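One structure is given here, and the rest of the page talks about it.
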Amino acid sequence: MKEKKIEIKKKLMSIFSPRKLVLWLSILILIFTVPTFNKSAMSETQAIVTMLCVDKVDDKIKVATTVLTPSQDKKANFQVYSGEGETLGYAVDSISLAMGKEMGFAQCKIMALGENICDEGVMQVLDYMTRTKKVGRNAVLVSFTGDVIDFTQAVANLNLEKSLRLDRIVSFDKRYILTQDSNIETFYIGYYSPISLGIMSKVKLATTEEFNAIEVASADAGSSSGSSTDMNSTGDGGENKKFIMNDGTVSLFKQGKHYLDMTLDEVKKANIFVNDAQKGTVVVENVTDHIYNDAKVVVNILKKDIAVEPNFKDGIPIYKTDVSLTVFIDEVIEENPSERLLRRNQDFLTNALIEKIKQKMESDMREIIEYCQDNKVDLLGVYKHFYALKNKDFEKYLDRVGEDYLNEIDYQISIDVKSEN
Amino acid sequence: MKINYRQLSIITFMSFIALKFLALPSLLYIESKNMSMFVSLILMIIDGLYAFVILDLMKKSGEKNIYEFMKNCLGTVATKIVLILLIIKYALVAGNISKGLEFFVVENLYTEFDWFVFVLPLMILVGFMVYKGIRNIARVSEMVCWAIVIGLIYIALKALSGMDILSYLPFLKDGFKPLVDSAWIHLSWFGSATFMFMLFGFVDFREEKKSKMIKYIIFAILIVELLYFVFYGLFEVTSPTHNYCISDISQFSSTYSAIDELSWLVVSMWIVAQAVQLALYSYCLAQAIKFLFDIKNNTLPIIIVVLYIFAWSFIGENTVRMERIFFTPFASIVTFVAQYILPILLEIVYAIKNKKKRAKDRIERVKDEREKNRDKKEINVNI
Chain Y
93 MKEKKIEIKK KLMSIFSPRK LVLWLSILIL IFTVPTFNKS AMSETQAIVT MLCVDKVDDK
153 IKVATTVLTP SQDKKANFQV YSGEGETLGY AVDSISLAMG KEMGFAQCKI MALGENICDE
213 GVMQVLDYMT RTKKVGRNAV LVSFTGDVID FTQAVANLNL EKSLRLDRIV SFDKRYILTQ
273 DSNIETFYIG YYSPISLGIM SKVKLATTEE FNAIEVASAD AGSSSGSSTD MNSTGDGGEN
333 KKFIMNDGTV SLFKQGKHYL DMTLDEVKKA NIFVNDAQKG TVVVENVTDH IYNDAKVVVN
393 ILKKDIAVEP NFKDGIPIYK TDVSLTVFID EVIEENPSER LLRRNQDFLT NALIEKIKQK
453 MESDMREIIE YCQDNKVDLL GVYKHFYALK NKDFEKYLDR VGEDYLNEID YQISIDVKSE
513 N
Chain P
662 MKINYRQLSI ITFMSFIALK FLALPSLLYI ESKNMSMFVS LILMIIDGLY AFVILDLMKK
722 SGEKNIYEFM KNCLGTVATK IVLILLIIKY ALVAGNISKG LEFFVVENLY TEFDWFVFVL
782 PLMILVGFMV YKGIRNIARV SEMVCWAIVI GLIYIALKAL SGMDILSYLP FLKDGFKPLV
842 DSAWIHLSWF GSATFMFMLF GFVDFREEKK SKMIKYIIFA ILIVELLYFV FYGLFEVTSP
902 THNYCISDIS QFSSTYSAID ELSWLVVSMW IVAQAVQLAL YSYCLAQAIK FLFDIKNNTL
962 PIIIVVLYIF AWSFIGENTV RMERIFFTPF ASIVTFVAQY ILPILLEIVY AIKNKKKRAK
1022 DRIERVKDER EKNRDKKEIN VNI
């Protein structure tokens, strides 16, 4: 009996010996992998979506996508597909149904949201697209004006005609306007912060030529479910000219809903408070001294250091901002430029000019503080600074004043201007 | 076949960073919020200290393996119970690594990827590495270690500029309680030194340099904390929604530069390191099964372990979140006993046994001397 047991054990061991183990596993691999050879290519079953535009028209969600079709020649082949439905899911599915392909959103680099959906609230759209459809959270997020299909076609044409990409145009805003990425992740961080403030770039679709607008051809297309337009060839027949315009307008969202738009000028003023916004210009007028004669001087900001010190004195919050600027004189506009301007070895950053720069900066900063107070929008990070650095006092203060916490703060500003030399 | 002290230090380093860069940082944030990196810091320091306690035991065991050593200290029954406990611990860690890797590759890295295309080669790799033994695992760890270190530092530094330091303030706003709660709930992700138990008798201490082990452990802690510091600074309140820390940090802000593609290279290297860690814990699991059931052959334990990893592919596939399986009080208790109680218990029992043995030896020595003296006296009297 015992011998028999040992024999069985030996047999078992010989079946599962390390060498045979590899063989068994190889057989397993073959069993699992061979059937996959029969599967069709992924490009035949999945559409590569590179941009998604969503809006709401007459209680229906309208969706338009640009789909990249791989082709043997190196020319990019974008096609615009659109669909509509009661919900976003239905709208996306209607495109799938029309195409006979699953929509693959992993390569979706842009999510554009129309005005109506922005007013109604964008969080459901973002949640559905990131959680269910797996759009990457680093996808560029923009709000747009105009028809959803027209806008999508215009963006596709922008790429084909001008070799410009909307995601890169908007990403450029980070350096000069937004000081942060306009993407889904940063929008989420803003939304889930205590002040629930989201920011995204706004791109406009215009039908008439405007300043800063880029002209693109936009083919007419119906908006029925699953309709498509091939954007590979852009002939003249049946096309309207459209203009895409990124003029620096920024949309602000509160609780995920569109709250207000800021102009480029307002954004630039707000950026004085932001350390990451290093670039900027200051224009001062009526500068008169031993160098300038009633001159208009354009000063470039080379470097900016912001030191924020929140404090409480007798229960009153004080928000002290020290701005230190290193500047460089860019343009001097005088009616009759004097020869003094041509002299070398002199400091063009005169005391009079410094004073003017300080006055201008302070007035801009005060203006934006007022703007924030009027609109109840904390663009300066006041909440964050007080919460982080003066937590207990600030919580007491918040209990007292609630949402209007920006109004009772004493804003102290000090500006220091240095020459690059 | 033994490994040297340097190789042990590298394996320890890899074990310390093994489970840290996927779901753990996001889970820690749920309880301990902006103080989460301090939870991991404290637990990793404790792990580091316990690594030296286990090392001390390893040295005391000499050529004995863990089974022989524990049997000597605790007796057969207690040893078997401890082995069951260690099997659970290793099984949890191996399962966690394999499931984490599977989720990461199948769900995050690719849009459509059949799980078995990943799991089957992984099974073969793990089976082969466990079969080849600890020396093989150590050598592969040596090969990938520095590439991983450089890659992780690169990912952290690249994302550093996007983080907001203010998100770490106010410091300890709700006191220590959330930190303690978080540490207890997520304890099963730590206990990184428990693998050392299965290396008793397999380490050559001739070139022992404690400073080397200290350096590697400190280095592991610093790298994990650097990544966590960046992670929480970048994602702030959305941290709990980022289950793939390593790829999410690298993809936070794509700048369309060629250097961005390097991030994926780092992630790929990190996957290799995870596979090696899976092999290490599978090796420990196979060893523990071998000791528990007194199996002479290596084959059967390896088959059990490989099938166990395969079984994990079916558990909670794409639906049940990993934390539901791992973050039970049971898993925390297992880790607590295996990592924190067991080494101290073994040290105490060993010291008591040694003391008794020394006392017994002394008594016998005194007896011998007395007998010798008596014999001498008798001889003298006879003379």
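Those sequence lines, one after another, are chains Y and P.
In case it helps, our numbering puts the first sequence at residues 93 to 513.
In case it helps, our numbering puts the second sequence at residues 662 to 1044.
Beta carbons: idealized from backbone N, C-alpha and C, even for Gly.
For clarity, every value in this text was computed on a predicted model and none was experimentally measured.
Exercise. Run through the segment 465 to 513 of chain Y for me and flag every whole beta strand (DSSP E) of 3 or more residues, listed as ranges in chain order.
Key: 502 to 511
Self-check item: Contact under 8 Å by Cβ, residue 785 of chain P with residue 117 of chain Y
Solution: yes
Practice problem: With 8 Å as the threshold, decide whether the Cβ of residue 960 of chain P is near any Cβ in chain Y. | Solution: yes
Self-check item: Contact check, residue 176 of chain Y vs residue 154 of chain Y, beta carbons under 8 Å
Solution: yes
Quiz prompt | Length at least 4, wholly inside the segment 663 to 720 of chain P: the alpha helix (DSSP H) runs in chain order | solution = 666 to 679 and 685 to 693
Practice problem: In the DSSP assignment, find the unbroken beta strand (DSSP E) run with residue 422 of chain Y in it and report its ends. | Solution: 408 to 425
Quiz item: Comparing alpha-carbon positions, which option in P:886, P:931, P:734 and P:879 lies nearest residue 907 of chain P?
Solution: P:931
Quiz item: DSSP state of residue 1046 of chain P, grouped into three classes?
Solution: As displayed, chain P neither begins before 662 nor continues past 1044, which places residue 1046 of chain P out of reach and without an answer.
Quiz item: Rounded to whole angstroms, how far is the Cβ of residue 748 of chain P from the Cβ of residue 949 of chain P, which I believe are closer than 8 Å?
Solution: 5 Å
Self-check item: Rounded C-alpha distance that separates residue 893 of chain P from residue 924 of chain P
Solution: 19 Å
Quiz prompt | Limits of the unbroken alpha helix (DSSP H) element including residue 134 of chain Y | solution = 134 to 137
Exercise. Kindly indicate which three-state DSSP category residue 929 of chain P falls into: helix, strand or coil?
Key: helix
Quiz item: Is residue 854 of chain P helix, strand or coil when you go by DSSP?
Solution: coil
Quiz item: Taking the DSSP output, what are the residues bridged to residue 237 of chain Y?
Solution: Y:296
Self-check item: Contact check, residue 145 of chain Y vs residue 204 of chain Y, beta carbons under 8 Å
Solution: yes
Quiz item: Okay, do the segment 710 to 724 of chain P and the segment 688 to 700 of chain P touch, 3+ Cβ pairs below 8 Å being the bar?
Solution: no
Practice problem: My understanding is that residue 855 of chain P touches residue 1000 of chain P, with C-beta atoms under 8 Å, so please give their C-beta distance in whole angstroms. | Solution: 5 Å
Quiz item: Residues of chain Y with a CB under 8 Å from the CB of residue 899 of chain P: which are they?
Solution: 277, 280, 281 and 284
Quiz item: Just reading off the alpha helix (DSSP H) that residue 397 of chain Y is part of, what are its end residues?
Solution: It is not in any alpha helix (DSSP H) - residue 397 of chain Y instead sits in the beta strand (DSSP E) that spans 387 to 405.
Self-check item: Cutoff 8 Å: residue 980 of chain P Cβ touching any chain Y Cβ
Solution: Only weak support exists for where residue 980 of chain P lies, its pLDDT of 45 falling under 50; the value from the coordinates is given anyway. No, residue 980 of chain P does not count as interfacial toward chain Y.
Quiz item: Which one of Y:345, Y:374, Y:483 and Y:493 has the shortest CA to CA distance from residue 288 of chain Y?
Solution: Y:345
Quiz item: In chain order, what residues of the segment 871 to 897 of chain P put their CB closer than 9 Å to some CB of chain Y?
Solution: 895, 896 and 897
Quiz item: To the nearest angstrom, how far is it from the Cα of residue 834 of chain P to the Cα of residue 283 of chain Y?
Solution: 22 Å
Quiz item: residue 204 of chain Y lies in the alpha helix (DSSP H); which residues open and close that run?
Solution: Looking at the DSSP string, residue 204 of chain Y is not in any alpha helix (DSSP H); the run it does join, the beta strand (DSSP E), is 202 to 206.
Quiz item: Relative to the C-alpha of residue 734 of chain P, which residue among P:864, P:1031 and P:1007 is closest?
Solution: P:1007
Quiz item: Counting contacts by CB-CB distance shorter than 8 Å, is residue 121 of chain Y in contact with chain A?
Solution: Here the protein chains are Y and P, and chain A is not one of them.
Exercise. State the Cα-Cα distance for the pair residue 976 of chain P and residue 701 of chain P, rounded to the nearest angstrom.
Key: 27 Å
Quiz item: Where does residue 144 of chain Y fall in DSSP's three states?
Solution: strand
Practice problem: Round the Cβ separation of residue 241 of chain Y and residue 159 of chain Y to the nearest angstrom and send it over; I've been treating them as touching at under 8 Å. | Solution: About 14 Å separates the two Cβ atoms, so there is no contact after all.
Quiz item: So with Cβ pairs under 8 Å, would you call residue 784 of chain P a contact of chain Y?
Solution: yes
Quiz item: Is the Cβ-Cβ distance between residue 864 of chain P and residue 663 of chain P less than 8 Å?
Solution: yes
Quiz item: Going along chain Y in order, which residues have a C-beta closer than 9 Å to the C-beta of residue 792 of chain P?
Solution: 110 and 113
Practice problem: Identify whether residue 308 of chain Y lies in helix, strand or coil by the three-state DSSP scheme. | Solution: strand
Practice problem: Tell me, please, whether the CB atom of residue 694 of chain P is closer than 8 Å to any CB atom in chain Y? | Solution: no
Quiz item: Just how far apart, CA to CA, sit residue 317 of chain Y and residue 212 of chain Y?
Solution: With a pLDDT of only 45 at residue 317 of chain Y, under 50, the local geometry of the prediction cannot be trusted, and the value read off the model is given with reservation. Going from the Cα of residue 317 of chain Y to the Cα of residue 212 of chain Y covers about 23 Å.
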